[in-house]
């Protein structure tokens, strides 16, 4: 009993502070308040949560209730697109026919057989997709990855030392905030190359996983009128960082003749890309010919010619932007994907395709009398 008590106490102390803050605020709102006739009434927590969320707006990710709302909306969309059976009283209401575990195992087996039989086909498919790479495409990718990796460093002194001694950068700011809807990052300057660097941290905490999971596709209009459809959680995080950066870039970095470079891995890569879009929308002087972002995105760019004033190196970025706008960002955003890495392909659209494939395999298994969902059969497959 004492041991269990210590474990519970330790778990109690590891609950993040932002959750306690949300709990305390809800408790305050639940306090009894006098009515007009002098009596006391208690407002329900659900009504107050709704009020708080409306006050916080759609960009609010500061409380559990706001996060729960976003996740609920996402699941509703997933349920509709992926034909996920409804949940009743916490139990799956699906029939045996809705079970996709056996088709999933069969699909994995088929893919393994296909890979063995047609070895090298995937490599050939990659080679034939898009334009051929050039040695110039590789310039700076290794350095960019190392700088993106440094964004995971939590020790400011160690980060300052590595940036200075190995890369010649001077650290200006190191933000290690760990909250849903925030992007940890650092800002550094390279005097010789006149480069202002922003390294954005990827997913490395529970809070950042929450940001990843709030993945509903939402449409937003930027300050110059540009419309984009993007990942909700990453948009909220990126907007907060872009708002912090815009005056610094416009009033200090650009007048001093510096160029902007943003680097990031995973969540940090997606955040860097969206921050760059927002900065370009807010600061026309960041764009070639001082055009606004809307005009920039309407042009056809040669992807081999980059935009020197602001550039992004995004490593293993999850899908974050609609296809049309993503394609038009090739003049200033370079995305690096390692072969069949799942993160850059982890989108609701791809999950929908996977679901349709599994349903197709299930139908074929049923036609051939091979469908068997018994536990002992599944165990043999495993």
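Numbering (our numbering), first residue to last: 2 to 383. All C-beta atoms, glycine included, are put in the ideal place defined by N, C-alpha and C. From a predicted model like this one, the values you see are computed outputs, not experimental measurements.
Check your understanding: Any chance the segment 112-124 sits against the segment 137-149, with 3 or more Cβ pairs inside 8 Å?
Key -> Segments in contact, no.
Exercise for review: Identify whether residue 312 lies in helix, strand or coil by the three-state DSSP scheme.
Suggested key: Collapsing the DSSP output to three states places residue 312 in a strand.
Practice item. Report the rounded CA-to-CA distance for residue 306 versus residue 331, giving the unit in angstroms. Key: No answer about residue 306 holds up, because its pLDDT of 44 lies below 50 and its placement is not dependable.
Exercise for review: Report buried or exposed for residue 354, applying the criterion of at least 16 other Cβ atoms within 10 angstroms of its Cβ.
Suggested key: exposed
Practice item. Indicate whether residue 186 and residue 269 have their beta-carbon atoms separated by less than 9 Å. Key: yes
Exercise for review: On a CA-only basis, which of 123, 143, 215 is nearest residue 68? Give me that one, please.
Suggested key: 215
Review point. How long is the line joining the alpha carbons of residue 229 and residue 278, rounded to whole angstroms?
Key: 10 Å
**Study point:** Selection from 345, 143, 340 that minimises the alpha carbon distance to residue 125
**Key:** The option with the nearest alpha carbon to residue 125 is 340.
Practice item. Assign residue 30 to one of three DSSP states: helix, strand, or coil. Key: Note that residue 30 has pLDDT 47, beneath the 50 cutoff, so the model's placement of it is unreliable and the number below is only indicative. Looking at residue 30 - three-state DSSP - the assignment turns out to be helix.
Practice item. At 3 residues or longer, and completely inside the segment 200-240: list those beta strand (DSSP E) runs for me, N to C. Key: 218-222, 228-232
Check your understanding: Between residue 189 and residue 265, which are expected to be in contact by the criterion C-beta below 8 Å, what is the C-beta distance as a whole number of angstroms?
Key -> That pair is no contact at about 14 Å.
**Study point:** Cross-strand partners of residue 171 (DSSP beta bridge)
**Key:** 190
Practice item. Pull up the CB-CB distance for residue 241 and residue 182, whole angstroms please, since I reckon it's below 8 Å. Key: 7 Å
**Study point:** Contiguous beta strand (DSSP E) assignments of at least 3 residues, all confined to the segment 92-145
**Key:** none
Practice item. Give the straight-line distance between the Cα atoms of residue 338 and residue 64, rounded to the nearest whole angstrom. Key: 33 Å
**Study point:** Buried versus exposed, by CB contacts within 10 Å (16 or more), residue 103
**Key:** buried
Practice item. Tell me whether residue 77 sits in a helix, a strand or coil according to DSSP, three-state version. Key: helix
**Study point:** Nearest residue (CA-CA) to residue 184, options 138, 132, 275, 111
**Key:** Looking at the Cα atoms, 275 is the closest of the given residues.
Point to revise | residue 261 burial status per 10 Å Cβ neighbour count (16 or more: buried) | key: buried
Exercise for review: Mind checking who residue 262 pairs with in its DSSP beta bridge?
Suggested key: 198, 312
Practice item. For residue 350, collect the residues of the same chain with a Cβ closer than 7 Å to its Cβ; drop the 5 residues on either side in sequence, then sort them by chain order. Key: none
**Study point:** Cα-Cα separation, residue 251 to residue 284
**Key:** 7 Å
Practice item. Could you have a look at residue 337 and say whether DSSP puts it in helix, strand or coil? Key: strand
Exercise for review: With a 10 Å radius around its C-beta and 16 neighbouring C-beta atoms as the bar for buried, classify residue 271 as buried or exposed.
Suggested key: buried
Practice item. Answer with buried or exposed for residue 202, where buried requires no fewer than 16 other C-beta atoms within 10 angstroms of its C-beta. Key: buried
Review point. Buried or exposed: which applies to residue 371, given that a residue is buried once 16 or more other Cβ atoms fall within 10 Å of its Cβ?
Key: The C-beta of residue 371 has fewer than 16 other C-beta atoms within 10 Å across all chains shown, which makes the residue exposed.
Practice item. Look at the alpha carbon of residue 119 and the alpha carbon of residue 358, and state the distance between them as a whole number of angstroms. Key: 20 Å
Practice item. Would you kindly check if the distance between the Cβ of residue 217 and the Cβ of residue 322 is under 9 Å? Key: Judged by their CB atoms, residue 322 and residue 217 are not nearer to each other than the 9 Å cut-off.
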